[in-house]
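In this note's numbering, the protein residues as written are 870 to 1017. Backbone N, C-alpha and C define an ideal beta-carbon position, used for all residues, glycine too. See below for the structure under consideration.
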């Protein structure tokens, strides 16, 4: 009878041990799957902002400060100081932003004209004259969601 009791107790222990190992393996699998879902290094990629080609031009002679809008989702201007005229720059501007170029003459004055073209088509021209003369050219681009 002692052999029977020993056999029953070791059989139950083996059965529990199998369930315990299976349960631990199952928890480890769930943990790895959960880690993969919750802790991913890949961040969603930002959508590309559609743009239009804009050409800014400032003609004249002398020195000027020029500010213009280029590819910046924040819509901030780029400023170039002490630029010797004439000056031309082609940039990409996000749709929905207003392309703008502004010129300010230095203290010596003079005359300068700014011009703006969108996709090769002339949009606006303005002229600055005299000491610290100012001119601004601006245009309109379609909203950013129109080309999606």
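For residue i, three-class secondary structure by DSSP
i: residue 929; result: strand
i: residue 883; result: helix
i: residue 938; result: strand
i: residue 895; result: helix
i: residue 1015; result: With a pLDDT of only 46 at residue 1015, under 50, the local geometry of the prediction cannot be trusted, and the value read off the model is given with reservation. Three-state DSSP puts residue 1015 in a helix.
i: residue 875; result: Unreliable positioning characterises residue 875 in this predicted model, as indicated by a pLDDT of 49, which lies under 50. A coordinate reading is not provided.
Cut-off 8 Å between Cβ atoms - residues of its own chain near residue i, not counting five sequence neighbours on either side
i: residue 1016; result: With a pLDDT of only 41 at residue 1016, under 50, the local geometry of the prediction cannot be trusted, and no value is derived from it.
i: residue 886; result: none
i: residue 967; result: 938, 1007, 1008, 1009 and 1010
Contacting residues, own chain, Cβ-Cβ under 7 Å from residue i (five flanking each side not counted)
i: residue 930; result: 954 and 979
i: residue 998; result: 980
i: residue 933; result: 927, 952, 954, 972, 973, 974, 975 and 981
i: residue 893; result: none
Residue i - partner residues in DSSP beta bridges
i: residue 974; result: 933
i: residue 997; result: 981
i: residue 946; result: 938
i: residue 963; result: 920
Whole-angstrom C-beta distance between residue j and residue i, which should lie under 8 Å
i: residue 923; j: residue 956; result: About 14 Å separates the two Cβ atoms, so there is no contact after all.
i: residue 1025; j: residue 988; result: This structure does not reach residue 1025, given that the chain is present from 870 up to 1017, and the question cannot be answered.
i: residue 984; j: residue 994; result: 5 Å
Own chain, CB closer than 6 Å to residue i, minus 5 neighbours either side, in chain order
i: residue 969; result: 938 and 1007
i: residue 996; result: 982 and 1004
i: residue 883; result: none
i: residue 949; result: 935
i: residue 1002; result: 974
i: residue 1000; result: 976 and 978
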